[in-house]
Amino acid sequence: MEKQDLSIKISAWLKIFLLAKFGKTHDILEVLIPESNLSKLPNEYIKSCQNYSVWEFTPDVLGILKNKKTNQIELILANRSTSALSLKEIGEIYTYSKLVNSPLSFLISLNGTSNEVSILLLEDSIRKRLLNRGNNEIIIFSWNEKNNGIDYNSIIPLNKKDFLLS
Amino acid sequence: MPTNSTKISPVFSYLLGLITGRGHLFNDSKIVAIELSHANEFAHGINHCHKCGDLATKQGEFVICKKCGVKVDPNNRTSYNQPELTRESLNKIIVPFLKSEIKANYEIAGNKSMTLLVIDFKKDLANFEIIKKIFNGLSSFDEYHIPMIIYSSSKEAKIEFVNGLLDTAGFPSSGGWLNRQGKKMHGRMRVYFQIVRNWHLPVEIDNFLRKEFSLPIHTIDWGHPNIRDANLKDYFEQQPTSWSREHQIKFFPEYYSQFKFRIKSKQGLFEELLDHNKRAIFSDQDDWFPPSPIRLSKTKAYHPGESDLRIPKPARCHFNAFWQINAVMGCIYLNELIDQAKNPEYFFLTGKDEDGNVKKLEKQLDVISYTLQKRIFKVHPKKAVTAKVRSFKNIREELEKELYDPLVNHLKKYLSKKYNEPAEAFDTSANNLNLFLKSNNTELFNVFGFCEKFRIRPDVVGFLAKSKKLVFEEAKVTQLDLKSLGQLLGYCFVAQPQEAILISSKTPSLALIKVLKARPDLLEYGLNKRVQIGTWRDNNLEFLNI
């Protein structure tokens, strides 16, 4: 599958997922595939965020939510890869996610995590440092081309399986 | 679970087999993870001729019968979807079997090339401690021995231990047949144990199967340069260390029918291979033991990899036959035979129970090996240069590599001065940190044993041996950006180095400076630990003040 096709599929999935999981607490404003750095994106919601001018990066898919209680804009990031994920990609999404204070970010690949990273992420302390920032989380999974959806066995952290699939 | 030091149940023994084959123990998380690898999505069975039933093999574009020469439909064979069948076998067979006795939490994870069985012992700490003790607190399968408790267990438990080994390290393969003519058919099918980076396990498995079950082993295909790359072909063709990948213990399935794979794809293939060999009928056991004599014509060329530090000391030298490695790695049967020989040294060199002039023979073998090596090097030098140039993925990587040496020298001085203690620094970009230490500096590995679990690849690593601290450097030749910062942070979150420096030969982009000035917390990777940004200019490192 081409990278762009994967982005389109993830974008479609994210829309449905956000509605199901955040629909009660948030307005789902937009899910898009940005074509430029977020700092340069002509998007009124982004421009309403603090410090957006230093957001010099382009996530592969972006979900924009508005918290019904606080009226704050919250961003959901999703980066994708067609090859196996390494620490490089995890570190990258961590940095972006921290910069925009994203409550939830996804790292999605057609080949899951590399064998080495799969083993590293079983260590509680390492996994927490890489995938958790307080209440903000990063979830990794494989995109199953045959089923056109999440590969249940690939979800990391393991305890997020129910959250993603229920 | 074992009730005392000598009793062990078949279920527990099976688990120990899985762990010995491909297990990891995570002490902090109280987790045992078992790797079940399936490099390819599909494993294929044997092609048999539709006309005469003999073995058909690929020859050029076609699949041709070995006996009658007719073209055979390449799809006339069974295909096994390995990831699917592995998961199914875990869910329906293996986990229920383990659960019948071991009340831990079981999860299945993984990717296309590997399925992981994750056994969480947080609610069963006593059993985790037992397992940890059995494996002497070691964390990964590349260090494990056959647990002592197995040797004193029941026959049934020993069989289950082998079953566990088979499910993880055993690989039946329709392509691994031996070129032998049976009474009724061609080709003798083989199964192998694939042992990764563990140099003591091959001989231990061989000797265990011989002692406990009187079973023959066809050969041990050692991951040693003289065995895997005897003619230095890979050495000159871009893969100078391809020999180091794994060891294979090869055996014929017809002697192993008392064992079973619980992974369905493997069991299906095993039954096919077994059936083929039974129908083909082979009268010879083809056991490697006792070893065949080594003819002078089989003397191997010297290989530069013979002194590679990844090879343990006893085997870090030249060999002309695989069984010589069996001997130095402690094969009880072979060493007994050598000890009883008329001239043990002569036997070791030749495999012949004769008396002879060892010094003279050693000299003769040395001349042959040296001449062979010289001949190969004479033919290949141009190829070697081309391979080296081709192996650089792109110019950027090549330029980055040029930075490593000066950075290593600088880091060594910088650390000695700053921490007032001896410091070492190395270019670690070619290998994972754990492998780098094991392969290049065993003394340092003894101090930095905690790096065993760090399968990460920073460009340059500094080692402060006295205070047991690490320092990472990541080098770029392009302007630094958030992406490169993320990469280094990934390594830092894993290993928590004392310092981490992101370096470029170009000044950082204004965009990055702007982001980091606004959000310096992006550089944090631990308590009071921050990535530093530096520019490499005129052989000196200039730090950026954030």
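Line by line, the protein sequences are chains A and B. Residues in the first sequence are numbered from 931 upward in steps of one, following this note's numbering. Residues in the second sequence are numbered from 59 upward in steps of one, following this note's numbering. By construction, the Cβ of each residue, glycine as well, lies at the ideal position given by its N, Cα and C atoms. Since the structure is predicted, the reported quantities are computational estimates derived from the model, not experimental observations.
- A residue is called buried when at least 16 other Cβ atoms come within 10 angstroms of its Cβ; A/K977 does not meet this threshold and is exposed.
- Within 9 Å of the CB of A/A1014, the CB atoms of chain B belong to N169, K170, S171, in sequence order along the chain.
- Residue pairing by DSSP puts B/V176 in a beta bridge opposite B/A91, B/E165.
- In this chain, the alpha helix (DSSP H) harbouring A/Y1026 covers 1017-1029.
- In the three-state DSSP reduction, B/C123 falls in the strand class (E or B).
- Three or more pairs of CB atoms, one per stretch, sit closer than 8 Å, so the region 309-328 of chain B contacts the region 269-286 of chain B.
- The C-alpha of B/E218 is placed about 6 Å away from the C-alpha of B/S71.
- For B/H468, the enclosing alpha helix (DSSP H) starts and ends at 453-477.
- If you check the CB distance, A/G1021 and B/G592 do not come in under 8 Å.
- As computed with DSSP, B/P274 is found in no beta bridge at all.
- By the neighbour-count criterion, in which a residue is buried when 16 or more other Cβ atoms sit within 10 angstroms of its Cβ, B/N603 is exposed.
- Chain B has a Cβ within less than 8 Å of the Cβ of A/L1017.
- Contact check for A/L948 against A/I958 passes: the beta carbons are separated by less than 8 Å.
- Per DSSP, B/M387 lies in no alpha helix (DSSP H) and is assigned neither H nor E.
- Checking the DSSP bridge columns, you'll see A/S1011 partnered with A/S1039.
- Residue pairing by DSSP places B/T429 in no beta bridge whatsoever.
- A residue is called buried when at least 16 other Cβ atoms come within 10 angstroms of its Cβ; B/N169 meets this threshold and is buried.
- For B/K116, the enclosing beta strand (DSSP E) stretches over residues 114-117.
- Distance check between A/K1076 and each of B/E93, B/E142, B/F405 places B/E142 closest, using alpha-carbon atoms only.
- Within the region 209-258 of chain B, the complete alpha helix (DSSP H) segments at least 4 residues long are 213-227, listed from N- to C-terminus.
- Partner residues in a beta bridge of B/Y583, as assigned by DSSP, do not exist.
- Judged by DSSP secondary structure, A/S937 falls within the alpha helix (DSSP H) whose first and last residues are 933-952.
- A distance below 8 Å between beta-carbons, with the five flanking residues on each side excluded, links B/Q140 to the following residues of its chain, in chain order: H96, N98, E99, F100, A101, S323.
- A/Y1024 has a beta carbon lying within less than 8 Å of a beta carbon in chain B.
- Taking 8 Å as the threshold, the shortest C-beta distance from A/I1049 to chain B falls below it.
- Membership of B/G520 in the beta strand (DSSP E) is indicated by the continuous run 518-522.
- Taking a beta-carbon distance threshold of 8 Å, B/S87 counts as an interface residue toward chain A.
- Looking at the backbone, the Cα of B/K418 and that of B/L502 are separated by about 40 Å.
- In this structure, the straight-line span from the alpha carbon of B/N284 to that of B/C389 is close to 19 Å.
- If one requires a minimum length of 3 residues, the beta strand (DSSP E) runs lying completely within the region 265-348 of chain B are 277-279, 305-309, in chain order.
- The contact set of A/R1059 on chain B, defined by CB atoms closer than 7 Å, consists of F551 in chain order.
- Taking 8 Å as the cut-off, the Cβ atoms of B/H203 and B/H282 do not count as close.
- B/Y138: member of the beta strand (DSSP E) spanning 137-139, first to last residue.
- A distance of 8 Å or more separates the beta carbons of B/A533 and B/I514.
- A/I1049 is positioned such that its CB atom lies no closer than 8 Å to that of A/F1071.
- For B/A569, the uninterrupted alpha helix (DSSP H) run begins and ends at 568-576, by DSSP.
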